[in-house]
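Enquirer: Got a structure here, written out as structure tokens. Questions coming.
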Amino acid sequence: MAVALARKTLIHEWRRFLPAIMSVGFSGVLIIVQGALLLGIVGTNALSVTQSRADLWVGFPGTQSADLGRSIDIGVSSELLVDSRVARVEPLLLGSGDWRGPRGGGISVTLIGIETRRDALGLARAVLPAERALLDEPATALVDDGDLDKLATEIGGTAEINGRRVRVVGTTSGMRAMGGVNVVVSLATARAIDRSLAASDNVTYYLASLHSSQAAKAVRARFSRPETRSRFEIWTAADLAGRSVRYWLLESGAGVGFIFATAVALLVGTLITSQTLMAAVAASTPQYATLRAIGVPFPKLRRIVVEQAGWVGAIGLALGLAGSLLAAVLARLNGIPFALGPGIMALSGALVLAVALLAGLLALRRLRHADPAALLR
Amino acid sequence: MTKVPSLGVRAVTKSYVVQNIRTEALRDVSLTLHPGELSLISGPSGCGKSTLLSLMSGLSRPDRGHVHALGVDLGALDDAARDAFRLAQCGFVFQGFNLFPALDALEQVQIVLDYQGVSQALAARSAREALELVGLGQRRHLRPAELSGGEKQRVAIARAIVKHPRLLFADEPTSALDSVNGAIVTALLREIAHRSGAIVVCVSHDPRLIARADRVLEMEDGRLHRDSRDHSSSNMMGTSR
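Shown next, in the form of structure tokens:
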């Protein structure tokens, strides 16, 4: 194998390159962690979608986020069932309430009304069948186990929502939201508590499951014609969840904050990395000048520096990903919404590698000092 | 017998501007160097000897005059062509060794052949042979930090000769060495010139080196002052005056 000058220098002088590797790694951690937190927090607005098992969601036309659903006509259900590819349709209600526990004080809660049959689609991932069955009893509710303290309640405890007495009969998992509190009830209890839902001919969403999930796009297309678009809109679950996240990213300004903080992380990362690489080039100037003297063309010297930058980026990225996984574990242990997905990891990976390569390109300026004639002065 | 002139400098002039002050480093210098000889350029600091070495090796261009090396007018070549010429024909030994701290002796030498596109097996074998020639065959796996000053300079010489250059330039190769190592390096340079037939040019004011050179060219104030070998046999040779 040819002499791997870039790699051997990196290993031999690792202390010199360490600041660059750490700065790339920290940039990566910073971008991934704040991105995953932001997506996790914003994603809590779509929990009703992501914690359910429906293939398709049907709601008010133009709904921008899952939590902003408005009522649609109850007749939509039979329209959907006409299609033979649709296996089941069930309603889901979203309402709001003012929770007053034994300690007094009001907490705004989001009421999520779901079907109570054992194999229901609504919140199938967050509510166990046994807990769901408990909701058959009127005026019962489930709250997230992460919200028990916030609501100052426990299983078996009672509270009032909008002046109606409810009993907490169990908990959900993964329904903890960052803003309000999600309280899961049966459809009937939801209508009893939130008067805006009382009219039984209105539902917020219809959830549909298909015989084959593959058909989701085709079914959606069928029900997206202009004559139906004025009454309801149909989305795949992923569409509605993605639409909710995008809406809150743009609407809340949190997305702009993320972009700004990411830009700062990238700038600092680039500065530290380029300074480190420049110092490394400066330390090797006589050696590079010697290579120039024996006729090694300038582009080949550039390649050494860029290769070193690439290694710094790759090692830094690996550290960054390891740090982010650690952060994800800590977040999970503490019940913090942390959406560490492949998208944010790929984005961060691409950005920090770009940082390293940009820093390498900046460091190339120092190579100009590698003038072999200067060795003779 | 008339030798074939291989490295000729004709009426070259070179000046530098440092902080708006123009300094003439070389003034109308002409000389010719021959294969198989260790030629030494000597003179006080600032006399222009390093500048002359820089011009002769194609590292810089003269303001006026011509440098012909192995039949090539170096002044007429662009930067890339001069790089290619040096890569093919020139070896260099510098006062400061300039070895890569991360590489062992074998790799320091082998890397030159890597850049010439020589196959790995041949590059490694040639590098080993070059190190054996300078007496460091047994120490080829040591890094610069584990070598003495004299050993480092011998690695640098091995690096310079591994590609069998026809032109070998050395700038003060013994000035950082003690007497024993200085003598070893001097003997090596002389042997390389005589055995390989290369043109070996040294810039030095080390008396040990002056005593072993085949030819001594003394410079002063940017001019060639004295050429101590009998040079009546060559019509290309001359001095500036």
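Those sequence lines, one after another, are chains A and B.
Numbers 1 to 377, taken from the UniProt record's numbering, label the letters of the first sequence in order.
Numbers 1 to 241, taken from the UniProt record's numbering, label the letters of the second sequence in order.
All C-beta atoms, glycine included, are put in the ideal place defined by N, C-alpha and C.
In the DSSP assignment, what are the bridge partners of N182 of chain A?
Expert: Reading the first sequence from its first residue, position 182 is the one you call residue 182 of chain A. Paired residues: A:T110.
Enquirer: Could one say the Cβ of G295 of chain A lies closer than 8 Å to chain B's Cβ atoms, at least one of them?
Expert: Translated into positions along the first sequence, residue 295 of chain A becomes position 295. G295 of chain A counts as touching chain B.
Enquirer: If distances are taken between C-alpha atoms only, which option among A:F17, A:L357, A:G59, A:R132 comes closest to G75 of chain A?
Expert: As a first step, residue 75 of chain A must be located in the first sequence, where it is residue number 75. That would be A:G59, whose Cα lies nearest to the Cα of G75 of chain A.
Enquirer: For a contact meaning CB atoms closer than 9 Å, what does Q287 of chain A contact in chain B?
Expert: Locating residue 287 of chain A in the first sequence gives position 287, counting from the first residue. Residues of chain B passing the Cβ test: N98, L99, F100, P101.
Enquirer: Can you look up R345 of chain A in the DSSP assignment and give me helix, strand or coil?
Expert: Here residue 345 of chain A refers to the residue found at position 345 when the first sequence is read from its first residue. Checking the sequence, you will find Met at residue 345 of chain A rather than Arg. Looking at M345 of chain A - three-state DSSP - the assignment turns out to be helix.
Enquirer: Check whether the Cβ atoms of V42 of chain A and W311 of chain A lie closer than 8 Å to each other.
Expert: For the purposes of this step, residue 42 of chain A is identified with residue 42 of the first sequence, where counting begins at 1. For the purposes of this step, residue 311 of chain A is identified with residue 311 of the first sequence, where counting begins at 1. Not a contact, by the Cβ cut-off of 8 Å.
Enquirer: Measuring alpha carbon to alpha carbon, tell me which residue in A:I112, A:S274, A:R365, A:G105 is nearest L187 of chain A.
Expert: What you label residue 187 of chain A is simply residue 187 of the first sequence in a count that begins at 1. Comparing Cα positions, the closest option is A:I112.
Enquirer: Tell me the residue span of the alpha helix (DSSP H) that contains D221 of chain B.
Expert: For the purposes of this step, residue 221 of chain B is identified with residue 221 of the second sequence, where counting begins at 1. Per DSSP, D221 of chain B belongs to no alpha helix (DSSP H) and is neither H nor E.
Enquirer: Using Cβ-Cβ distances below 8 Å, what residues of the region 39-59 of chain B are close to chain C?
Expert: Given the protein chain composition of this structure (A and B), no chain C is represented.
Enquirer: If you scan the region 43-97 of chain A from start to end, which runs of the alpha helix (DSSP H) of 4 or more residues do you find wholly inside it?
Expert: As far as the region 43-97 of chain A is concerned, its whole alpha helix (DSSP H) runs of at least 4 residues are 47-50, 76-81.
Enquirer: Suppose you measure from the CA of V9 of chain B to the CA of T32 of chain B; what does that come to, to the nearest Å?
Expert: Mapped onto the second sequence, residue 9 of chain B falls at position 9. Mapped onto the second sequence, residue 32 of chain B falls at position 32. Cα-Cα distance, rounded: 6 Å.
Enquirer: How many whole angstroms separate the CB atoms of N202 of chain A and S71 of chain A, which I take to be in contact at a CB cut-off of 8 Å?
Expert: In the first sequence, counting from the first residue as 1, residue 202 of chain A sits at position 202. In the first sequence, counting from the first residue as 1, residue 71 of chain A sits at position 71. Contact flag correct, Cβ pair sits at about 4 Å.
Enquirer: L326 of chain A: buried (16+ other C-beta within 10 angstroms of its C-beta) or exposed?
Expert: Numbered from its first residue, the first sequence carries residue 326 of chain A at position 326. L326 of chain A is exposed by the Cβ-count criterion.
Enquirer: Going by DSSP, name the residue or residues bridged to L31 of chain B.
Expert: For the purposes of this step, residue 31 of chain B is taken as residue 31 along the second sequence, with counting starting at 1. DSSP, once it has assigned bridges, lists B:V9 as partnering L31 of chain B.
Enquirer: Identify whether N181 of chain B lies in helix, strand or coil by the three-state DSSP scheme.
Expert: Position 181 of the second sequence holds residue 181 of chain B. Note: N181 of chain B maps to helix in three-state DSSP.
Enquirer: Rounded to the nearest angstrom, how far is the Cβ of L87 of chain B from that of Q116 of chain B, given a contact under 8 Å?
Expert: Working through the second sequence from its first residue, we reach residue 87 of chain B at position 87. Working through the second sequence from its first residue, we reach residue 116 of chain B at position 116. Indeed, because the Cβ distance is near 6 Å, the residues count as touching under 8 Å.
Enquirer: What's the gap between the Cα of R366 of chain A and the Cα of L277 of chain A?
Expert: In the first sequence, residue 366 of chain A corresponds to position 366, counting from 1. In the first sequence, residue 277 of chain A corresponds to position 277, counting from 1. Using only the alpha carbons, I get a separation of about 9 Å.
Enquirer: Run through chain B and tell me which residues come within less than 8 Å of A279 of chain A, C-beta to C-beta.
Expert: Position 279 of the first sequence, counted from the start, is the residue given in the question as residue 279 of chain A. Within 8 Å Cβ-Cβ: nothing; A279 of chain A doesn't reach chain B, min ~14 Å.
Enquirer: Starting from A170 of chain B and walking both ways along the beta strand (DSSP E), at which residues does that stretch end?
Expert: Here the question's residue 170 of chain B lines up with position 170 in the second sequence. Residues 167-171.
Enquirer: Between T116 of chain A and R132 of chain A, how many whole angstroms is the CB-CB distance? I'm expecting something under 8 Å.
Expert: For this step, residue 116 of chain A is matched to residue 116 along the first sequence. For this step, residue 132 of chain A is matched to residue 132 along the first sequence. 5 Å between Cβ atoms; contact.
Enquirer: Mind listing the chain B neighbours of A20 of chain A? Cutoff is C-beta to C-beta under 7 Å, in chain order.
Expert: Position 20 of the first sequence, counted from the first residue, corresponds to residue 20 of chain A. In chain order: nothing, as chain B lies at least about 16 Å away.
Enquirer: Under 7 Å Cβ-Cβ, which residues of chain B neighbour E307 of chain A?
Expert: Taking the first residue of the first sequence as 1, we reach residue 307 of chain A at position 307. Correct list: empty, because the minimum Cβ distance to chain B is about 13 Å.
Enquirer: What are the residues of the region 100-127 of chain B that lie near chain A, defined by any Cβ-Cβ distance shorter than 7 Å?
Expert: Cβ contacts with chain A: F100, P101, A102, L103, E107, Q110, I111, V112, D114, Y115, Q120.
Enquirer: Where do the ends of the alpha helix (DSSP H) carrying E251 of chain A lie?
Expert: Residue 251 of chain A sits at position 251 when you count from the first residue of the first sequence. Residues 237-251.
Enquirer: Check whether the region 10-23 of chain A and the region 162-178 of chain A are in contact - that is, three or more C-beta pairs closer than 8 Å.
Expert: Segments in contact, no.
Enquirer: Using C-beta distances below 6 Å, list every residue in its chain close to R212 of chain B, excluding the 5 sequence neighbours before and after it, in chain order.
Expert: Position 212 of the second sequence holds residue 212 of chain B. Counting only Cβ-Cβ distances below 6 Å, and skipping sequence neighbours, we find T186, R190.
Enquirer: Using the C-alpha atoms, what's the distance from F260 of chain A back to N98 of chain B?
Expert: The sequence position of residue 98 of chain B within the second sequence is 98, counting from 1. The sequence position of residue 260 of chain A within the first sequence is 260, counting from 1. Taking the straight line joining both Cα atoms gives about 45 Å.
Enquirer: Is the Cβ of L133 of chain B closer than 8 Å to any Cβ of chain A?
Expert: Translated into positions along the second sequence, residue 133 of chain B becomes position 133. So no, L133 of chain B is outside the interface.
Enquirer: Interface residues of chain A around G91 of chain B at Cβ under 8 Å?
Expert: If you number the second sequence from 1, residue 91 of chain B lands on position 91. Ordered by position in chain A, the residues that pass the 8 Å Cβ test against G91 of chain B are I294.
Enquirer: Cβ closer than 7 Å: which chain B residues qualify as neighbours of H12 of chain A?
Expert: By one-based count along the first sequence, residue 12 of chain A stands at place 12. Within chain B, the residues near H12 of chain A are P101, A102.
Enquirer: Under three-state DSSP, which class holds I41 of chain B?
Expert: What you label residue 41 of chain B is simply residue 41 of the second sequence in a count that begins at 1. I41 of chain B: strand per DSSP, three-state reduction.
Enquirer: Does the region 44-51 of chain B touch the region 13-30 of chain B, meaning 3 or more C-beta pairs lie closer than 8 Å?
Expert: As far as the Cβ criterion goes, the region 13-30 of chain B touches the region 44-51 of chain B, which means the pair count is three or higher.
Enquirer: Could you work out which residues of chain B lie near A2 of chain A, taking near to mean beta carbons separated by less than 7 Å?
Expert: Here residue 2 of chain A is taken as the residue at index 2 of the first sequence, counted from 1. Simply D114, Q120.
Enquirer: Take the Cβ of K300 of chain A as the centre, count every other Cβ of all protein chains shown within 10 Å, and call the residue buried at 16 or more, exposed below.
Expert: As a first step, residue 300 of chain A must be located in the first sequence, where it is residue number 300. Looking at its Cβ environment, which holds fewer than 16 other Cβ atoms inside 10 Å, K300 of chain A is exposed.
Enquirer: Please list, in chain order, the residues of the region 73-92 of chain B that have any C-beta partner in chain A closer than 9 Å.
Expert: Flagged, chain order: D79, A80, R82, D83, A84, F85, R86, L87, A88, Q89, C90, G91, F92.
Enquirer: Which of the three DSSP states, helix, strand or coil, is assigned to residue 384 of chain A?
Expert: Outside the shown range of chain A, which is 1 to 377, sits residue 384 of chain A, and nothing can be said about it.
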